[in-house]
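Read the structure below first, then the notes.
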Amino acid sequence: MGRKLSVENYYNIFFKIRDKFNNVIDDDYVEYLYREDQVLLNIALYLLENFKGEYIYSCKEDIDCKERCTYLNKWLNEKKALYTSNTKCKNHNDLWGHYIERLWEKMQEGVEQSKRCQREVLEKQYFQDKWIIPSCKNENSVEMESSCPETDMAKKEECSSVVAPTSSSCKTVLTTTYVIFGILLFSIYLLRFSSVGMKLNKLIRGKNIKRRNMDKEINESFRSRDNTDMESLDRRFNVIYNSLQN
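According to the working numbering, the sequence shown is numbered sequentially starting from -18.
If you want it as structure tokens, here you go:
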């Protein structure tokens, strides 16, 4: 016969901080692990560890098993009181019943009848309304995670809703590109083949011809002026030369 544990011993067994959960197997209890609420998820992990590690695998005698079951219930009821505000917080109370109480029932499966731990549910207790926040008193039903596997149709709908914005963005970019390309083509057509484009080309050519003619006239005027100056200079030299000869 083992050593009889004291009240302090039982409290130290169940009411302690854990950093490892060696007895938690996700595949067996995944539908009871609510991942949208970290506090509720932590309570579920602690419950699995306490039930399997500190109750099923640890108690060997009837008296010890009964005591462990009692303190396991006390531990869980304390967590329920904190999480549900003594069951006054409707939303949290609904989540607690859906995940934690159902997890307790699931854990009893496969356990010998004589070793099963009977749940001692916390009864409704008084809790001052002034400490209940508005979201707790919301009468709207809380969305629960479905335990059924997702169908292919649901996955397709989910994917389509995610892809839709990207597809829309691509369409917008392509449309803008086509519009710009069309404007460029239309502009080229107007300039090269339409009557407006021909008039513009003629006007531009006319201006270019006028500019070339003006440049030519200016060059010729400079040349003629240079020639005149040279002839005048030659005549002057001839006069001076002849005068010196005489």
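Each residue gets a CB set at the ideal place from its N, CA and C atoms; glycine is no exception.
Tell me the rounded alpha-carbon separation between N189 and K180.
For this step, residue 189 is matched to residue 208 along the sequence shown. For this step, residue 180 is matched to residue 199 along the sequence shown. If I take the Cα positions, the gap works out to 14 Å.
Drop a sphere of 10 angstroms on the beta-carbon of W85, count the other beta-carbons inside from all chains shown, and report buried for 16 or more, exposed for fewer.
Locating residue 85 in the sequence shown gives position 104, where the first residue counts as 1. W85 is buried by the Cβ-count criterion.
Among the residues of its own chain, which have a CB less than 6 Å from the CB of K105, if the five just before and after it don't count?
Position 124 of the sequence shown, counted from the first residue, corresponds to residue 105. Within the same chain, K105 has close Cβ partners T68.
Inter-residue spacing [alpha-carbon to alpha-carbon] between C98 and F(-4):
If you number the sequence shown from 1, residue 98 lands on position 117. If you number the sequence shown from 1, residue -4 lands on position 15. C98 and F(-4) have their C-alpha atoms roughly 18 Å apart.
Is the beta carbon of I113 sitting closer than 7 Å to the one on S39?
As a working note, residue 113 is residue 132 in the sequence shown. As a working note, residue 39 is residue 58 in the sequence shown. Judged by beta-carbon spacing, S39 lies beyond the 7 Å limit of I113, meaning their Cβ atoms are not closer than that value.
To the nearest angstrom, how far is the alpha carbon of S95 from that of P115?
Here residue 95 refers to the residue found at position 114 of the sequence shown. Here residue 115 refers to the residue found at position 134 of the sequence shown. Each residue's alpha carbon lies about 44 Å from the other.
Grab the span of the alpha helix (DSSP H) containing W85 for me, first residue to last.
By 1-based counting over the sequence shown, the position of residue 85 is 104. For W85, the enclosing alpha helix (DSSP H) has its first and last residue at 83 to 89.
Any heavy atom of the ligand SAH closer than 6 Å to the Cβ of E30?
With respect to the ligand SAH, the structure shown offers nothing to examine, as it has no ligands at all.
Residues near K61 in its chain [Cβ-Cβ closer than 8 Å; skip 5 each side]:
Numbered from 1 along the sequence shown, position 80 holds the residue referred to as residue 61. Excluding residues up to 5 positions away in sequence, T68, W77, I81, L103 lie with their Cβ nearer than 8 Å to the Cβ of K61 in the same chain.
With DSSP collapsed to three states, give me the class of Y38.
On the sequence shown, position 57 is the one that residue 38 refers to. Three-state DSSP puts Y38 in coil, outside helix and strand.
In chain order, what residues of the same chain have a beta carbon less than 7 Å from the beta carbon of R(-1), not counting five sequence neighbours either side?
The residue given as residue -1 occupies position 18 in the sequence shown. Y27, E30, listed in sequence order.
Keeping to the same chain, check which residues put their C-beta closer than 8 Å to that of Q89; ignore five residues upstream and five downstream.
The sequence position of residue 89 within the sequence shown is 108, counting from 1. Taking Q89 as the centre and dropping the five residues before and after it, the same chain places the C-beta of R97, C98 closer than 8 Å to its C-beta, in chain order.
Whole-angstrom distance between K41 and A25, CA atom to CA atom:
As a position in the sequence shown, residue 25 is number 44, starting the count at 1. As a position in the sequence shown, residue 41 is number 60, starting the count at 1. Rounded to the nearest whole angstrom, the C-alpha separation of A25 and K41 is 24 Å.
Measuring CB to CB, does N54 end up less than 7 Å from G34?
Translated into positions along the sequence shown, residue 54 becomes position 73. Translated into positions along the sequence shown, residue 34 becomes position 53. If you check the CB distance, N54 and G34 do not come in under 7 Å.
Among D196, N23, E48, E198, which one has its Cα closest to the Cα of K1?
In the sequence shown, residue 1 corresponds to position 20, counting from 1. Scanning D196, N23, E48, E198 for the CA closest to the CA of K1 turns up N23.
How far does the alpha helix (DSSP H) with W56 in it reach, from first residue to last?
Mapped onto the sequence shown, residue 56 falls at position 75. Element bounds for W56: 43 to 65.
Residues in the same chain with beta-carbon distance under 8 Å from C140, minus the five sequence neighbours each way, listed in chain order, please.
Locating residue 140 in the sequence shown gives position 159, counting from the first residue. Low confidence applies here, because C140 scores a pLDDT of 43, under 50, leaving its location unreliable; read the following figure in that light. Nothing listed; no residue qualifies.
Between K47, Y52, E17, I37, which has its C-alpha nearest I(-6)'s C-alpha?
Residue numbering aside, residue -6 sits at position 13 when the sequence shown is read from its first letter. Ranked by Cα distance from I(-6), the options K47, Y52, E17, I37 are led by Y52.
Is it buried or exposed, Y170, if we count other Cβ atoms within 10 angstroms and call 16 or more buried?
By one-based count along the sequence shown, residue 170 stands at place 189. Its Cβ having fewer than 16 others within 10 Å, Y170 is exposed.
Return the Cβ separation of Y64 and L14 in integer angstroms, given the expectation that the two are a contact with Cβ distance under 8 Å.
Translated into positions along the sequence shown, residue 64 becomes position 83. Translated into positions along the sequence shown, residue 14 becomes position 33. That belief does not hold up - the Cβ atoms of Y64 and L14 are roughly 15 Å apart, past 8 Å.
Are the CB atoms of C46 and C117 nearer to each other than 7 Å?
Here residue 46 refers to the residue found at position 65 when the sequence shown is read from its first residue. Here residue 117 refers to the residue found at position 136 when the sequence shown is read from its first residue. No.
Burial state of F32 (16 or more Cβ within 10 Å):
Numbered from 1 along the sequence shown, position 51 holds the residue referred to as residue 32. Taking all protein chains shown into account, F32 has 16 or more neighbouring C-beta atoms within 10 Å of its C-beta and is therefore buried.
Distance, L184 Cα to R192 Cα:
By one-based count along the sequence shown, residue 192 stands at place 211. By one-based count along the sequence shown, residue 184 stands at place 203. Rounded to the nearest angstrom, the two C-alpha atoms are 12 Å apart.
Whole-Å CB distance - E48 paired with Y(-9), under 8 Å assumed:
In the sequence shown, the residue the question calls residue 48 occupies position 67. In the sequence shown, the residue the question calls residue -9 occupies position 10. Yes, they are in contact, since the Cβ atoms of E48 and Y(-9) sit about 6 Å apart, within 8 Å.
Measure how close the beta-carbons of Y10 and K87 come, nearest whole angstrom, since I'm counting them as under 8 Å.
Position 29 of the sequence shown, counted from the first residue, corresponds to residue 10. Position 106 of the sequence shown, counted from the first residue, corresponds to residue 87. Yes, they are in contact, since the Cβ atoms of Y10 and K87 sit about 7 Å apart, within 8 Å.
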